[in-house]
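Residues in the sequence shown are numbered consecutively from 1, following the working numbering.
Think of the CB as a built atom: it goes at the ideal place given N, C-alpha and C, for glycine as much as any other residue.
Note that this is a predicted model, so its numbers are computed, not measured.
Structure first, then comments.
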Amino acid sequence: MDHSSSKSKAMFGYNVNLSAGYIDNSIVDSSIIDNLGRTTHYSVNANGNKFANIGASVNKAFKLSENQIQLNLRTNFGISENPNYVNSILNYSSNFNHSHGLDLYYTLKELLIINLAQNVSFFQSKQSGLNNRQFGNSTKTTTVSANYNFTIKISLSSNISYNTTSSTNAKNIDFTILNANLNYRFLKGNTGELKFSALDILQQNISVINTGNNNTLTTGVANVLQNYYMISFSYFPRQFGGGNSRQMRRR
């Protein structure tokens, strides 16, 4: 279900999605764990796989003289029950996941754009059959970004994000990423751009693995490139094709 409005003073839109299903004789995972802790996985068939999801988003823009405020809100909920076998014992994983996001934009003429964003996601799973264990994880990100145009040719932008991840029986992982860019436009029609970028200024960038699926949680980190600087040149042509192509179009 969708709705949108493009009225000049009150732009508004929303979207709602629903889905549900039951899968009979579906392909599921069967895990065999030996005395040394080694795990062997097989694919088998089982009944009882079912799911339901609902998601929604809302967009609203407010026009204030030469300024504008735009709000975007989105949310999603999902539940599922998935059968699986562990050491030949039938186990059911009852899963619940939900995620939410909020974006707030403020525009001051063509000089300044500020964006505040909050994103969170959660996963929870309860086991029945093999044991009654419960576990889960979450990811949260708060971001502030801004772009200021000193002139038509020169602009400065920056963003900072605070990230935190949590998982059952694991220590929280927190890190902050700060980036900045300085842009200079030149050539006729401002078709050339020279950009200086400073990335991961605080030297905290981490690639975090934090996922959940049925009876498994995966948590870890991976090495990534930290704090570096870059100078780049871009060219944006305003027209494509020459005079002959324009004459052919007139024909």
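Proximity of residue i and residue j at Cβ, strictly below 8 angstroms
i	j	result
Phe62	Ile69	yes
Asn149	Leu111	yes
Phe123	Asn91	no
Asn163	Ile113	no
Thr176	Ser157	no
Environment of residue i [buried if 16+ CB atoms lie within 10 Å]
i	result
Thr39	exposed
Gly212	buried
Val44	exposed
Pro237	exposed
Ser245	The predicted model places Ser245 with a pLDDT of 45, which falls under 50 and marks its position as unreliable; any figure quoted below should be read in that light. Exposed: under 16 other Cβ atoms inside 10 Å.
Thr139	buried
Pro83	buried
Asp29	buried
Asn87	exposed
Ala46	buried
Ile89	exposed
Ser155	buried
Ser167	buried
Leu18	exposed
Thr151	exposed
Ser234	exposed
Thr216	exposed
Residues bridged to residue i [DSSP beta-bridge criterion]
i	result
Ile54	Leu18, Phe77
Asp24	According to DSSP, which records beta bridges pairwise, Asp24 is partnered with nothing at all.
Glu294	Nothing can be reported for residue 294: it is not among the residues displayed for the chain, which extend from 1 to 251.
Val96	The sequence given here places Phe at residue 96; Val does not occur at that position. According to DSSP, Phe96 bridges with Ile79, Gln124.
Leu112	Leu108, Tyr148
Ile201	Answer is none; Ile201 lacks a bridge partner.
Thr165	Thr139, Ile173
Leu178	Ile160
Contact set for residue i: own chain, Cβ-Cβ below 6 angstroms, skip 5 residues either direction
i	result
Ile231	Phe196
Ala117	Asp103, Thr143
Asn227	Asp200, Gln203
Ser94	Glu81, Lys126
Asn179	Asn159, Leu199
Leu73	Val58, Leu102
Lys109	Glu66
Ile23	Asn49
For residue i, the three-state DSSP class (helix, strand or coil)
i	result
Gly13	strand
Gly136	strand
Arg249	Note that Arg249 has pLDDT 45, beneath the 50 cutoff, so the model's placement of it is unreliable and the number below is only indicative. It is helical.
Lys153	coil
Gly101	strand
Ala117	strand
Ile206	coil
Asn214	coil
Asn45	strand
Ser31	strand
Leu90	strand
Leu130	coil
Proximity test, residue i beta-carbon vs the ligand COA heavy atom, cut-off 7 angstroms
i	result
Gly192	Although the ligand COA was asked about, the structure shown includes no ligands whatsoever.
Same chain, Cβ closer than 7 angstroms to residue i, neighbours up to 5 away in sequence not counted
i	result
Asn35	none
Glu107	One point to set straight first is that residue 107 is Thr, not Glu, in the sequence displayed. Within the same chain, Thr107 has close Cβ partners Asn67, Gln68, Ile113.
Own chain residues within Cβ distance below 8 angstroms of residue i, not counting five before or after
i	result
Ile209	Thr218, Thr219, Gly220, Val221, Ala222
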